[in-house]
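Let me begin by presenting the structure, written as structure tokens, before commenting on it.
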Amino acid sequence: MTQFALPATPETPPVELLDPTPEGMRRALGAFASGVTVVTAVADGEPVGFTCQSFASVSLEPPLVMFCAGREGRAWGRIRSAEALCVNVLAEDQIDVCGRFGSRTGARFDGLDHELSDWGAPALPGALLRVHCSVTDVHVAGDHDIAVCHVLGLELGTEVPPLVFHRGRFGLRTQRPVQAADLWGWNDRWG
Numbered sequence: 000m001t002q003f004a005l006p007a008t009p010e011t012p013p014v015e016l017l018d019p020t021p022e023g024m025r026r027a028l029g030a031f032a033s034g035v036t037v038v039t040a041v042a043d044g045e046p047v048g049f050t051c052q053s054f055a056s057v058s059l060e061p062p063l064v065m066f067c068a069g070r071e072g073r074a075w076g077r078i079r080s081a082e083a084l085c086v087n088v089l090a091e092d093q094i095d096v097c098g099r100f101g102s103r104t105g106a107r108f109d110g111l112d113h114e115l116s117d118w119g120a121p122a123l124p125g126a127l128l129r130v131h132c133s134v135t136d137v138h139v140a141g142d143h144d145i146a147v148c149h150v151l152g153l154e155l156g157t158e159v160p161p162l163v164f165h166r167g168r169f170g171l172r173t174q175r176p177v178q179a180a181d182l183w184g185w186n187d188r189w190g
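According to numbering that gives the first Met the number 0, the stretch in the sequence shown is residues 0 to 190, in order.
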């Protein structure tokens, strides 16, 4: 068996070894750039939602997606049993929406223009993509739940850049710091 290694060059920075503590995990896994979503539903007759960066396609046939939600999050506990939900993939100019739904405090939908989808979940304006789905399975994974959802419908928005989160900041080329750590960031438990 042949093993391959990347060639070492003088420009290669040294590798830093980190312990898998919560701080080490945050720092290391922050190197993985991700998109940002807001998961929404109607619970007890009112709209509810949370910011989520752990979202992915699972299967094309049947159409399945997944997201991870903090088990202690106030919104996830309410969304979990909703008949339908909407995963709103945020555009680059929606940092304020991200902060609104990532905050532990405040009424997330106050003054926010939104509409109910054909499946009855809040759909946020300006989203790059809306994935309408229903939760089919929930798996406990440490301090988070992994929600597997059956896709009911898709709405593809306009082609604008996505909101990207990388190393605690928004964007890849022109990184913008998170405005307030209390609004959105590693200090919050999303969900």
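Yeah, the Cβ is synthetic: ideal placement off N, Cα and C, and Gly gets one too.
Note that the structure is predicted; figures quoted are calculated from it, not measured.
Can you tell me the Cα-Cα spacing of residue i and residue j, whole angstroms?
{"i": "G152", "j": "H131", "result": "5 Å"}
{"i": "R26", "j": "R166", "result": "7 Å"}
{"i": "C51", "j": "P12", "result": "31 Å"}
{"i": "V57", "j": "M65", "result": "6 Å"}
{"i": "E45", "j": "G170", "result": "32 Å"}
{"i": "R77", "j": "E10", "result": "50 Å"}
{"i": "D112", "j": "S102", "result": "18 Å"}
{"i": "E15", "j": "G156", "result": "40 Å"}
{"i": "F100", "j": "T20", "result": "26 Å"}
{"i": "R168", "j": "P124", "result": "23 Å"}
If residue i and residue j are in contact, beta carbons under 8 Å, what's the gap, nearest whole angstrom?
{"i": "A83", "j": "G119", "result": "5 Å"}
{"i": "R79", "j": "V134", "result": "6 Å"}
{"i": "V47", "j": "A74", "result": "5 Å"}
Is the Cβ-Cβ distance between residue i and residue j less than 8 Å?
{"i": "V88", "j": "L63", "result": "no"}
{"i": "H149", "j": "A68", "result": "no"}
{"i": "A122", "j": "E114", "result": "yes"}
{"i": "L49", "j": "G72", "result": "Per the sequence shown, the amino acid found at residue 49 is Phe instead of Leu. Taking 8 Å as the Cβ cut-off, F49 and G72 qualify as a contacting pair."}
Can you name, in chain order, every residue of its own chain whose Cβ lies under 6 Å from the Cβ of residue i, other than the five neighbours on each side?
{"i": "D136", "result": "V147"}
{"i": "S116", "result": "C85, A122, H131"}
{"i": "L154", "result": "Reading off the sequence shown, one finds Glu at residue 154, where the question assumed Leu. R129."}
{"i": "V35", "result": "Q52, L89, C97, L162, F164"}
Here's a check: name, in chain order, each residue in its chain whose Cβ is nearer than 8 Å to the Cβ of residue i, leaving out the five neighbours to either side.
{"i": "V191", "result": "As shown, the chain starts at 0 and ends at 190. That puts residue 191 outside it, with no answer to give."}
{"i": "G23", "result": "L17"}
{"i": "D43", "result": "R77"}
Exercise. Determine contact between the region 68-86 and the region 32-43, defined as no fewer than three beta-carbon pairs at a distance below 8 Å.
Key: Note that the region 68-86 touches the region 32-43; at least 3 beta-carbon pairs, one per stretch, sit closer than 8 Å.
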